[in-house]
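>
Residue numbers (our numbering), protein chains in the order written: chain A, 12 to 557; chain B, 76 to 389.
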């Protein structure tokens, strides 16, 4: 072989460097980076809203915001964080980047659709920024009728259109992932050799495809009722306000699993790699993901236990809620037992993953409390609910997102992040998070309703603690922005497989060339063939590494 | 105000005892599970850290026994929680075993308007006697509200377009927070009030101190005439319309074959959407009063119609 044949092609980052080569790229890795920039922007918009809310709640009478402003801020926070950060977070960035690499493909099945999805996302994002600056919306991210259709003075239609368009971005990406997973797996990559991250992204995509259209219908009906007075939800016109809640939660409960299943996938990759042993119960983990995705469609009524739905349906929804918690519990047990007989390294990704297990477990367990019918009668619409879902979405999903970002950072950028800073941020995030949201469980049990811009003086201590935690959390989220950016230029260069991990994504260069692999890998092994006794591993192409 | 930082809300009703009992058990259980998971994680993290001399057994490939065991265990534990919760919920949300007193509450942006059977009215305040079962009829003038008394561990949403009913039985005198827990607009945080639980004697004194001449059903009787209801539903009327005497609580046969119990919700629906429930044997001639009556007037008329049934509490 001549020397030139050994020369590696340029990486996807350096291959072409015009603005146009980025904006018109069909490379899934570049699109993932562009999604990363977009959602980081929205993460900080939503974060600023959260910071202002927590600052305002330092004082029982409210520190500095007008009620109208406060209501618009928590609505903004919800809409931006749910649709413009959490739902695209792991799938559109890490999923987009890694799915083809993990299954040994050159790209996603529909590269142009992938780019189109990014443009749809940004169109909806621009609309969101627009209605933010012209005055915002005050309905809460839930858009409950008849408030949203008849009473709200905010820009409900602009918000609905933004979320509507955003939904099509989700659908396009999900469709792409499903087809890619079915059609583009490398030779030998059977379904039960897929890394759990791929299973998680696949299950998530199925939910996105089935649930998001219902959201689109619901938002369209809201716009029609608000614009033309068609009586779908308005009782004055013969409509039913609860019909809206049924339709909204039929999407929005599965949306919680859209947010958390990818996080479970990320954590499974990290824990096996840093525990240096196969995941405990691989097939059980796959079945659990699919079970959650399916049963997740039959629990939406648990958001409506106090709304006057029939008692029988409430009982059935409660039972389904307990059933959907079982596969989540199995996953937690399996991750924990994966640490048994292991050889554990505590690098930053592992710290995030361990934090995820603790926070997700408490979030899930408090979800059981809310799924218990009699308890929900007291806790529904209080801060207990706020704390519960933040444990899942922030403690769970955001921790895993940051864990994944650190884990694959060297693959994505070709540079190492500074390890000390990574660990420090991970620990700070865990501490700040708990200080922010543990007091909110107590506030909720004491009966503080959500979406109040004032509260009674006896609740101030817990609110101040929560706000103090939020300021720590804000610092912890800003840190990676700085040191990860720093590492792009000054970070130590990474080799192909710095974590000695088994997946196909580690077989190619860091950062990978435009078409991912020089030759398509042949898969002979399942994922996670790590050996805890000596730290050796067998990568998925069957090569043993000491 | 409590000098200590509050940790647990006061318990002032039967419902609070029920909900607390289940919650304490549930918190204990989830505390154990959390302790188990984090404890196991910490022990493994220390014992199997890289560089520790702990022996690593060769990994067995069979994990399904363990997985089936804990799947079954979690299912069983969850089922117990579910049954206790559902059982208590049905008790709390079904009609009470017996009713001592009824109050009618209308939620509107941003206040709670309370009407007592004796005709007494209050805003953002509710006075009730201790150790009596109070049945509440809820209505909303505008958006969805939620009637929430933390010390009773009880809430119920108030959805516009229908009556909602629920009940409570206070067990401790005192003043407790009343809150709206469903976001309802700019002043949502100020849709708050006070529930005052009083001894029977204090309550009777409070009722008489309000200086009210007409009871709720008497006010309803006047409206019944002024809206023209009596023109058809009066025993002496010439129009063939159902008599309302003894209607409340009875099972009514409808034209379409359904049989419904005539509760507040039914009576309200008959006034607002009469053509949806034509009584068997009567012509569909009643006009709709939708949009013409306020929720409070509806409540008065319903109270009057209820008073036409012997043995009704109002």
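Note that the Cβ used here is the ideal one computed from N, Cα and C, for glycine as well.
Can you name the residues that DSSP bridges to residue 167(B)?
Answer by DSSP bridge pairing: none, since residue 167(B) is not bridged.
> So who's on the other strand from residue 22(A), going by DSSP bridges?
Note: residue 22(A) sits in a beta bridge opposite 524(A).
> In chain order, what residues of the segment 251-285 of chain B put their CB closer than 8 Å to some CB of chain A?
So the list reads 252, 254, 255, 256, 257, 258, 259, 260, 261, 262, 263, 264, 265, given in the order they occur along the chain.
> What's the C-alpha gap between residue 256(B) and residue 184(B)?
Roughly 13 Å separates the two Cα atoms.
> Would you please verify whether the beta carbon of residue 86(B) is less than 8 Å from any beta carbon of chain A?
Chain A contact via Cβ: absent.
> Who are the Cβ neighbours of residue 464(A) in its own chain at under 6 Å, not counting the five residues just before and after it?
The residues are 73, 78, 81.
> Since I believe residue 238(B) is in contact with residue 230(B) (beta carbons under 8 Å), could you give me their beta-carbon distance rounded to a whole number of angstroms?
With 8 Å as the limit, residue 230(B) and residue 238(B) do not qualify as a contact, their Cβ atoms being about 16 Å apart.
> Measure the Cβ-Cβ separation of residue 160(A) and residue 83(A) and say whether it is below 8 Å.
In this structure, residue 83(A) does not lie closer than 8 Å to residue 160(A) by Cβ.
> Any Cβ of chain A within less than 8 Å of the Cβ of residue 145(B)?
For residue 145(B), the answer is yes, since a Cβ of chain A falls inside 8 Å of its Cβ.
> How long is the line joining the alpha carbons of residue 222(A) and residue 265(A), rounded to whole angstroms?
For residue 222(A) and residue 265(A), the distance between alpha carbons rounds to 7 Å.
> Kindly provide the ranges of any beta strand (DSSP E) runs that are 3 or more residues long and lie completely inside the segment 164-243 of chain B, ordered along the chain.
With a minimum length of 3 residues, the continuous beta strand (DSSP E) runs that stay inside the segment 164-243 of chain B are 176-183, 186-190, 196-198, 200-204, 209-215, 220-224, 229-233, 239-243.
> Run through DSSP, which three-state label would residue 268(B) get?
Reduced to three states, the DSSP call for residue 268(B) is strand.
> In or out: residue 85(A) buried (at least 16 other Cβ within 10 Å) or exposed?
Buried is the call here.
> Cutting at 8 Å between CB atoms, please list the residues of its own chain near residue 468(A), excluding the five before and the five after it.
The residues are 71.
> Please work out which residues of its chain come closer than 6 Å, Cβ to Cβ, to residue 215(B), disregarding the five sequence neighbours upstream and downstream, and give them in chain order.
Correct list, in chain order: 182, 233, 235.
> Let me know if residue 286(B) comes out buried or exposed under the rule of 16 or more other beta-carbons within 10 Å of its beta-carbon.
Exposed.
> Give a yes or no on contact between the segment 106-122 of chain B and the segment 520-531 of chain A, applying the rule of three or more CB pairs nearer than 8 Å.
Contact fails: fewer than three Cβ-Cβ distances are below 8 Å.
> With DSSP as the reference, please indicate the residues paired to residue 555(A) in a beta bridge.
Answer is 549(A).
> Pick from 391(A), 205(A), 441(A): whose alpha carbon is nearest that of residue 410(A)?
Nearest option by C-alpha distance: 441(A).
> To the nearest angstrom, report how far apart residue 424(A) and residue 501(A) are at their CA atoms.
Those two C-alpha atoms are separated by around 12 Å.
> Hey, is the segment 118-127 of chain B in contact with the segment 343-354 of chain A, meaning 3+ C-beta pairs nearer than 8 Å?
In short, these stretches touch, since the Cβ pair count reaches three.
> Can you tell me the Cβ-Cβ gap for residue 292(A) and residue 90(B), rounded? I've got them flagged as a contact below 8 Å.
42 Å between Cβ atoms; not a contact.
> Residues in its own chain within less than 8 Å of residue 224(A) by CB, not counting five upstream and five downstream?
These residues qualify, in order along the chain: 178, 182.
> Using 8 Å as the limit for Cβ to Cβ distance, is residue 236(B) near chain A?
Closer than 8 Å to some Cβ of chain A, the Cβ of residue 236(B) qualifies, so yes.
> Compare the C-alpha of residue 343(B) against each of 357(B), 371(B), 147(B) and name the closest.
For residue 343(B), the nearest C-alpha among the options comes from 371(B).
> At 9 Å on the CB atoms, spell out the chain B contacts of residue 107(A), in chain order.
Within chain B, no residue comes near residue 107(A); the closest Cβ sits about 31 Å away, beyond 9 Å.
> Cutting at 6 Å between CB atoms, please list the residues of its own chain near residue 460(A), excluding the five before and the five after it.
The residues are 392, 393.
> Run through chain B and tell me which residues come within less than 8 Å of residue 365(A), C-beta to C-beta.
Within chain B, the residues near residue 365(A) are 116, 120.
> Would you identify the three-state DSSP class for residue 255(B), choosing helix, strand or coil?
Of the three classes helix, strand and coil, the one that applies to residue 255(B) here is strand, per DSSP.
> Is it the case that the Cβ atoms of residue 158(B) and residue 385(A) are separated by a distance below 8 Å?
No, these two residues do not count as a Cβ contact at 8 Å.
> Check whether chain A comes within 8 Å of residue 201(B), counting only Cβ atoms and requiring the distance to be less than that.
Taking Cβ atoms only, chain A never reaches closer than 8 Å to residue 201(B), which makes this a no.
> Quick one: which chain B residues come within Cβ less than 9 Å of residue 82(A)?
Within 9 Å Cβ-Cβ: 258, 260, 261, 263.
> Do you know offhand how far residue 188(A)'s Cα is from residue 122(A)'s?
Answer to the nearest angstrom: the Cα atoms are 11 Å apart.
> Secondary structure at residue 361(B), three-state DSSP: helix, strand or coil?
Correct three-state label for residue 361(B): coil.
> Go to residue 336(B), then tell me how far its beta strand (DSSP E) extends in each direction, as first and last residue.
Per DSSP, residue 336(B) belongs to the beta strand (DSSP E) from 334-336.
> Measure how close the beta-carbons of residue 272(B) and residue 248(B) come, nearest whole angstrom, since I'm counting them as under 8 Å.
Indeed they touch by this definition, with Cβ atoms about 5 Å apart.
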